[in-house]
Amino acid sequence: MKSPVDLQRIERAVREILAAVGEDPDREGLLETPARVARMYAEMFSGLKLDPREHTRKFFTEQYDEVVLVRDISFCSMCEHHLLPFIGHAHVAYIPNGKVIGLSKIARVVEVISRRPQVQERMTEDIANLLVDELHAKGVAVVVEASHSCMTIRGVRKPGSSMVTSAMKGLFRSNLSTRAEVMQLIYGSKR
Ligand SMILES: Nc1nc2c(ncn2[C@@H]2O[C@H](COP(=O)(O)OP(=O)(O)OP(=O)(O)O)[C@@H](O)[C@H]2O)c(=O)[nH]1
Ligand SMILES: [Zn+2]
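Quick note: the sequence shown uses the UniProt record's numbering, first residue 1, plus one each step.
Here it is in structure tokens:
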């Protein structure tokens, strides 16, 4: 399969970066580095050329109108400011409106949306809005927790810090007890 990104262009850029930081891109240990980094970016940004809606097309008709929650979906995204990873978990809940999708499809949506240059707020909103649009759910709640390497390993250097964002739609926004129920499901029993 053809790579979704221009690998050779990345390789040239990485050689330039190595030279710019004072390294010798032709020394043995670095010879394959540009190609490795190019493959890495192709993987980290693979979500750019993918449509997450592919994963919500197939659904089941079920009359279940309580909360469905997929908790602790791990992800690794790239902060668009520094191109450093931010790593964490997404918790995704919805209240169906006749349409139920496969459990794994929710994790696949998170995977596609996270493998792009991102900020955590937009990633959280994009996951929630997609499920609202595609499932016409009565409510969607997305909570994302992540540690941003741009804040832990450089800059202000605060290892252990994390960022929490949430997007509450439909009943999760309008009904406080429904929102409290999902927060209890996410955090209540195990933390
Ligand atoms: N709101 C938000 N900020 C983010 C996210 N990822 C990284 N950042 C922040 O983006 C900001 C970019 O700030 P700038 O002042 O332009 O960049 P900088 O000089 O490298 O900033 P420092 O990290 O403070 O050294 C930093 O405060 C980062 O912590 C994110 O997902 N959401
Ligand atoms: Zn950053």
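Backbone N, C-alpha and C define an ideal beta-carbon position, used for all residues, glycine too.
{"Item": "Secondary structure at Lys105, three-state DSSP: helix, strand or coil?", "Value": "helix"}
{"Item": "Starting from Glu43 and walking both ways along the alpha helix (DSSP H), at which residues does that stretch end?", "Value": "33 to 44"}
{"Item": "Sorted by chain position, which residues of the same chain lie with C-beta nearer than 8 Å to Arg173's C-beta, five sequence neighbours on each side aside?", "Value": "Gly139, Arg179"}
{"Item": "For Val70, which of Arg9, Ile127, Arg57, Thr152 has the nearest alpha-carbon?", "Value": "Ile127"}
{"Item": "Could you tell me the distance, in whole angstroms, from the CA atom of Phe60 to the CA atom of Val119?", "Value": "32 Å"}
{"Item": "Counting Cβ pairs closer than 8 Å, one from the stretch 75 to 87 and one from the stretch 102 to 118, do we hit at least three?", "Value": "yes"}
{"Item": "Would you grab the beta carbon distance between Leu176 and Ile95 for me? Rounded to a whole angstrom, and I think it's under 8 Å.", "Value": "That pair is no contact at about 15 Å."}
{"Item": "Per the DSSP calculation, Ser162 is bridged to which residue(s)?", "Value": "In the DSSP output, where bridge partners are listed per residue, Ser162 has none listed."}
{"Item": "Less than 6 Å between C-beta atoms, sequence neighbours within five positions excluded: which residues of the same chain meet that for Leu185?", "Value": "Leu69"}
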